[in-house]
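So that you can map any letter, position 99 of the sequence shown is 98 in numbering that gives the first Met the number 0, and since no number is skipped, the others follow by simple counting.
One structure is given below, encoded as structure tokens.
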Amino acid sequence: MNDSYNFIIPLIHLLFFSYLLYRRIKRGNSFFSLANIALLIWIISAVCSFVFLNSELRQYSNLQIFPAIFWCFLFYISIYPLLKNSTCKISNISANDKLIKFLCVCYCLITILPFIEVLIQFIPKVLSGGSSSLAESMADIHDDRQEGEVIEVIHLSFISVLCWKIINYSLLLPSFLFFYTLSKSKKIFPNSQMRRFIIFGFLLVFTTQVMYYFCNAQRSMIARLAVTIIGAFVTFYHIYNQDLKKKMMKIMIICSTVFILGLSYITFARFMVALDRATAAHDKTIWGWTSLYLGEGLLNYNEYAWNMRCPTEGDVTMLYYKKALGYNRIVDDYHRRSFWAVRTGIPQNIFYTHIGAFVEDFTPLGAFFVLGIFSIIMLRITRFRSNSTVSIEKIYILLFLFYIIANGYCYFSFGGLNKGGRILHELFIALFFHFYRKYSYRPNIANNNK
């Protein structure tokens, strides 16, 4: 395709996402649903693709229309369970509230010590040396991590490490528990002081995570946490009463502002250091640099993943499981990048979206079958009728699917060796909810807080 027509590719994606969102809203679906929020994120990604395309941070000379259309087809397959099972149609939730109460108390207790230790190290780091020193430090941490070095910015005690591992076991569970508990907090915690403790405790959990990720210059983890919190809020939004909805909207606006400021600072810090070091970002604009993560995936998929020499044989999305079965050709994620970059003929250190990850592993046709099977399974286990009582594990799996799709503008969230095992964690939690609800206590029904 001629370079002057490259803008057609992000335009195809933008029109596709916009049409899906418009059609859903026109049919009466509330904007506050997981599918709509995911589509809004992808609309932002498509807009950023326009910006990134003109930033000259990466040159594209082989963008084609058919790969873009095929990508849209695969995306529709992957998001279909969210389109069919709108969370705004949930009237009641079947759950074991004794289990929920126990988990909430545990989270709030185990986060106290990590919060204190992280805060003690966070404040001096932010205040020492001024903004330029902090920006330089963040850029160095990011560069070292990209080279595979283990960077320990926050040092925790043995007990705090154990607590942090429990907190970090699932990125979905804290947000899920918090927003579910709000839907019936007076029933789960009749004591008003206990309710305040739980709310304050979960705020400590989120604050600890943000401080930890900020000190480690992990912009992607802060973005993922923000997306998870928004997704969990939207999931339970329609079972809140009107008063709670208004209060939560104000809190979400404040929290969103904090997340945006944190992400903006890390982004700006890397940009300024890159300019000072005269790297590839030299003489480029902050807008082009900001659009890097959000906008490059769709373009990279079309330019590179579609035209690779050979598939990566499951090493992008399923390396964790292959290693568990004795596969030893690839040592770790950093070795995987260099190993497959030579064989595929495309860089392995850039993003191809979650669709592109499966295309890399299984070819376009193989990705169609893998995503198709995955979508059928998700649709089957999450299916529910409108205005019906829905089991809590189904809602958790819907949030899990939302997490994959909403963060898919970069890559498959549970791919590689480091993150591959997390999909088992989330599925185990869903199974635990299911069996504990079904075979232990008699389930309670979550309804509006009155």
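Beta carbons are placed, not taken as given, at the ideal position from N, Cα and C, and that holds for glycine.
Please read all numbers here as calculations on a predicted model, not as lab measurements.
Which listed residue (the options) has its alpha carbon closest to that of residue i
i, options, result
"C162", "M193, T207, F199 and P123", "T207"
"L171", "L38, F434, K437 and F427", "F427"
"F16", "Q58, Q347, I78 and R57", "I78"
"H12", "H237, H154 and G296", "G296"
"T311", "S44, G344, Y212 and S182", "G344"
"Y401", "S32, L112 and P9", "The residue asked about is misnamed: residue 401 is Phe in this sequence, not Tyr. It is S32."
"L378", "S48, N84 and F65", "N84"
"L370", "F383, R194, G355 and T381", "G355"
"I349", "T180, K97 and L298", "L298"
"I253", "A225, L398, R335 and N327", "A225"
"L243", "M220, L260 and T180", "T180"
"A429", "Y410, K393 and D96", "K393"
"I119", "K249, Y408 and S156", "S156"
"G27", "S174, K88 and N240", "K88"
"R23", "L38, M193 and A222", "L38"
"S385", "A67, G407, L56 and S90", "S90"
"L220", "I259, S374 and Q241", "According to the sequence as given, residue 220 is Met; it is not Leu. Cα-wise, what sits closest to M220 is I259."
Neighbour flag for residue i against chain C, beta carbons, 9 Å
i, result
"S174", "Judged by its chain identifiers, the structure shown contains no chain C, having just a single protein chain."
Residue i in three-state terms, based on DSSP
i, result
"T388", "strand"
"I153", "coil"
"T110", "coil"
"A216", "coil"
"V204", "helix"
"E314", "Going by the sequence as given, residue 314 is Asp instead of Glu. Coil at D314, not helix or strand."
"Q192", "helix"
"G344", "coil"
"Y438", "helix"
"G27", "coil"
"C309", "coil"
"Y408", "coil"
"I422", "helix"
"I252", "helix"
"Y395", "helix"
"F6", "coil"
"V169", "Per the sequence shown, the amino acid found at residue 169 is Ser instead of Val. Three-state result, S169: coil."
Spatial distance of residue i from residue j (CA atoms)
i, j, result
"M251", "I229", "8 Å"
"L293", "P189", "43 Å"
"Y435", "Y59", "52 Å"
"I329", "T289", "32 Å"
"N485", "I115", "As displayed, the chain neither begins before 0 nor continues past 449, which places residue 485 out of reach and without an answer."
"H281", "V50", "Since pLDDT at H281 reaches only 48, below the 50 mark, its modelled position is unreliable, and the value read off the structure follows with that caveat. Taking the straight line from one Cα to the other gives about 17 Å."
"K246", "N35", "22 Å"
"N327", "T316", "16 Å"
"K186", "I238", "14 Å"
"G414", "Y319", "8 Å"
"F432", "I391", "7 Å"
Host alpha helix (DSSP H) of residue i (start-end)
i, result
"N417", "G415 to G419"
"S412", "Taken as a continuous stretch (DSSP letters only), S412 belongs to no alpha helix (DSSP H), as it is neither H nor E."
"V330", "Looking at the DSSP string, V330 is not in any alpha helix (DSSP H), and its letter there is neither H nor E."
"A45", "L33 to L52"
"G371", "T352 to T381"
"Y59", "Element bounds for Y59: n/a, residue is neither H nor E."
"L181", "L172 to S182"
For residue i, the first and last residue of its enclosing beta strand (DSSP E)
i, result
"I89", "I89 to A94"
With three or more C-beta pairs closer than 8 Å as the rule, is the stretch 334-341 touching the stretch 90-103? Remark: fewer than three beta-carbon pairs, one from each stretch, lie closer than 8 Å, so the stretch 90-103 and the stretch 334-341 are not flagged as touching.
Under 8 Å: do the stretch 344-363 and the stretch 301-319 share three or more Cβ pairs, one atom per stretch? yes
Can you find at least 3 beta carbon pairs, one from the stretch 107-125 and one from the stretch 184-201, that sit closer than 8 Å? yes
Touch check for the stretch 20-34 and the stretch 226-244: three-plus C-beta pairs under 8 Å? yes
With a threshold of 8 Å, are at least 3 pairs of Cβ atoms found where one atom belongs to the stretch 163-182 and the other to the stretch 68-77? In short, these stretches do not touch, since the Cβ pair count stays below three.
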